[in-house]
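Below is one structure, written out as structure tokens; the observations come after it.
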Amino acid sequence: MAISPLKAMNGERVVVLIFVLRVLSSLPLALLPHALSLSLLSLFSLVVEIRVDNSPSLFKTRPGASSGIILGAVTLPTVMLSKLIQLSRAVSLQQIEIGELEHMTMQFWAASACSCGVLIFLFIVTWCAANKKNPHFSCSVWDAKFSLSCVILYSAVCCISLATISHTGFNTALKLLWLLCHGFATVKLIQHLLSTFPFCASIGEANLVTSGLVLYFGDMLACTISKVCRLLIRPELVSIRYGIKRSEIGIVIQGVLLGLLIFSAVFKFLIHLWEYFWGANNSESRERKEIWRSLIFLTSLGFIMIAVAPSWMMIVLDFDVHPVLWIFQFIFSEPFKRLSLCIYWLVLIYASVLRFYNISKNSKIERILLRKYYHLLAVLMFLPALIYQPKFLDLAFGAALAVFLVLEIIRVWRIWPLGQLVHQFMSAFTDHRDSDLIIVSHFSLLLGCALPIWMSSGFNDRPLTPFAGILSLGIGDTMASMVGHKYGVLRWSKTGKKTIEGTAAGITSVLAACSVLLPLLATTGYVLTQVSLSLSSYMSLQDVSVIIICAYITLLFCYVNCIYNTTI
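Oh and the sequence shown: position 40 is 40 in UniProt numbering, straight run, nothing missing.
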């Protein structure tokens, strides 16, 4: 029996749809096709989530987590659409070139194609499973017709929108093929992720991760194809300028992540090759074999990160000098400030890790509360750097992400001599959200703080945007968890752990932080250099925006059972 979407609405779905409506309400008329496509995607994801939640378990997802399909499906397209709104204002003010707006338009449609592909895949899987269980299942014909209508309308709107930024029908066809490849790659990747790492993520989390990976590395591939076409074939084959000017820091981070992606594949291949030719020889001791694996690991990592990745950056993205030399030049361009900041970070990390690791082994404090101390540590580390050294913080986030990825590879592969030590250390801070296969909490915290900053690079007329992750995770989420755990009595639902007291504490703490942060940014010149409004009028506008954002994020934490589902 079909379930009406209106009757199946819960708190999480309502909050997500309110968020989407809030973004749609601020769209200019020029982005009307994008608004229509996002609306269709939201409705389609709602239908798919209801079907999946009312079907038997088809995937090995994280126990106790909601499917989160609608949130995972609309997050990236909504973020890209928000960036499009901002860039459209910049174009009208003639502060950016039209090519940057076209590039972001393509990114929006690519993100939407990733989500749409996964939704179609999930709908087909649930449909086939229902028919297999009951051959006479006439399932929700309404669901099928509605979903098919959404997909057809979405495809039509996409074609019309791409035709407006293409010079010929051939270019439009190429772009549609490119979007189709994004959707197909995301489906294959999410299947691989859920089968390789069972019980590690919900469907929505897996969708968000895989869509982000495909979008990010697809942009790298597009840069490479664009460069090859301009060098070997004809420049006009690629009308969207994927070669738009990028910051040096963005190029370095892209190159490092590309290098780590290549390294993981190469290292796995070399290990299989080594085991095939020499693994059968059991005369060597286990310790000697571990040493050989470590040598292969270090050699391949060093070669790819020093030779292969920099070569790609210098050839494809026209990087002038070797990236390693550029990093040293960048750091020593302001040696006192940046080296002092590095020392400050190292002291904080050493003292905090040493203290909290001992507490985690000898104390009965709940892990979820212990991990919130690291959220506060993130505020102490990142907030001063974001105000006084934002570019250096961009680079530091990229370096930290690379270090986390390398350490996770070492932990998963148990690379001698650090593999077991890293595993024991990381296990001291895990809870039911993590598993032995993969630990993602530290990635979530780092990316939660870094992504708003990275997404705000270039034109940004909302100076509080880069602080969104630090404020919501470092302050709001932490205060909500602590107050809700200690003083929470009134719960939002009978089955959930979230309390009204924790929610109020989260909203109040972020608003209090913003009331201190805005005057501080004004005194440092951070605000006035980014907007041309008077300080009083700017603050009044920001106050309204901050209240809306704080309320939305806190309500989302109340209803969504994901990695940062805390006791608020």
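Every residue, glycine too, gets a C-beta built ideally from N, C-alpha and C.
{"query": "What number of angstroms, rounded off, separates the C-alpha of V16 from the C-alpha of V74?", "result": "8 Å"}
{"query": "Measure the alpha-carbon distance for A309 versus A468 and round it to whole angstroms.", "result": "31 Å"}
{"query": "For V238, which of helix, strand or coil comes out of DSSP?", "result": "With a pLDDT of only 47 at V238, under 50, the local geometry of the prediction cannot be trusted, and the value read off the model is given with reservation. The answer is coil: DSSP assigns V238 none of H, G, I, E or B."}
{"query": "Alpha carbon to alpha carbon, how far is K145 from L119?", "result": "15 Å"}
{"query": "Looking at the structure shown, is T196 part of a helix, part of a strand, or coil, going by DSSP?", "result": "helix"}
{"query": "Please return the same chain residues whose Cβ sits closer than 7 Å to the Cβ of V187, not counting the five positions on each side in sequence.", "result": "G117, V118, F121"}
{"query": "Compute the Euclidean distance between the alpha carbons of P335 and F392, then round it to the nearest angstrom.", "result": "11 Å"}
{"query": "Roughly how many whole angstroms lie between the Cα atoms of I296 and F267?", "result": "8 Å"}
{"query": "Whole-angstrom Cβ separation of S88 and V23, contact assumed at under 8 Å?", "result": "At roughly 13 Å, the Cβ-Cβ gap does not stay under 8 Å, so S88 and V23 are not in contact."}
{"query": "Count the other CB atoms, across all protein chains shown, that sit within 10 Å of the CB of L490; report buried if there are 16 or more and exposed otherwise.", "result": "exposed"}
{"query": "Looking only at DSSP bridge pairs, what is T499 linked to?", "result": "R491"}
{"query": "Nearest by alpha-carbon distance to A110: which of F19, I85, G183, L401 is it?", "result": "G183"}
{"query": "Would A450 and F397 qualify as a contact pair, given that the criterion is a beta-carbon distance under 7 Å?", "result": "yes"}
{"query": "Quick check on this structure: which residue in S515, C514, G484 has the alpha carbon closest to the alpha carbon of I500?", "result": "G484"}
{"query": "Could you check what DSSP says for S540 in three-state terms: helix, strand or coil?", "result": "Model confidence at S540 stands at a pLDDT of 46, short of 50, so the residue's coordinates are unreliable; what they give is reported in the following sentence. Residue state, collapsed to three classes: helix."}
{"query": "Can you tell me which of the three DSSP states P33 falls into?", "result": "helix"}
{"query": "Output needed for residue 569: all residues of its chain with C-beta closer than 8 Å, excluding positions within five of it in sequence on either side, in chain order.", "result": "With the chain covering only 1 through 568, there is no way to say anything about residue 569."}
{"query": "Using the C-alpha atoms, what's the distance from R411 back to A206?", "result": "21 Å"}
{"query": "With the cut-off set at 7 Å, would you say L395 and I249 are in Cβ contact?", "result": "yes"}
{"query": "Are the CB atoms of L301 and F332 within a distance shorter than 7 Å?", "result": "no"}
{"query": "CA-CA distance, S161 and L174?", "result": "14 Å"}
{"query": "Quick check: what's the CA-CA separation for residue 571 versus Q86?", "result": "With the chain represented from 1 up to 568, any question about residue 571 goes unanswered, as that position is not in the structure."}
{"query": "What would DSSP say about V321, mapped onto helix, strand or coil?", "result": "coil"}
{"query": "Could you tell me whether the stretch 90-98 touches the stretch 457-468, using the rule of 3 or more Cβ pairs below 8 Å?", "result": "yes"}
{"query": "Starting from the N-terminal side, write out each stretch of the alpha helix (DSSP H) that is 4 residues or longer and does not extend beyond the stretch 387-475.", "result": "390-413, 419-427, 441-455"}
{"query": "Which one of F443, I415, Y374 has the shortest CA to CA distance from V403?", "result": "F443"}
{"query": "May I ask you to report which of helix, strand or coil DSSP gives P519?", "result": "helix"}
{"query": "Where does G68 sit, in a helix, a strand or coil, going by DSSP?", "result": "coil"}
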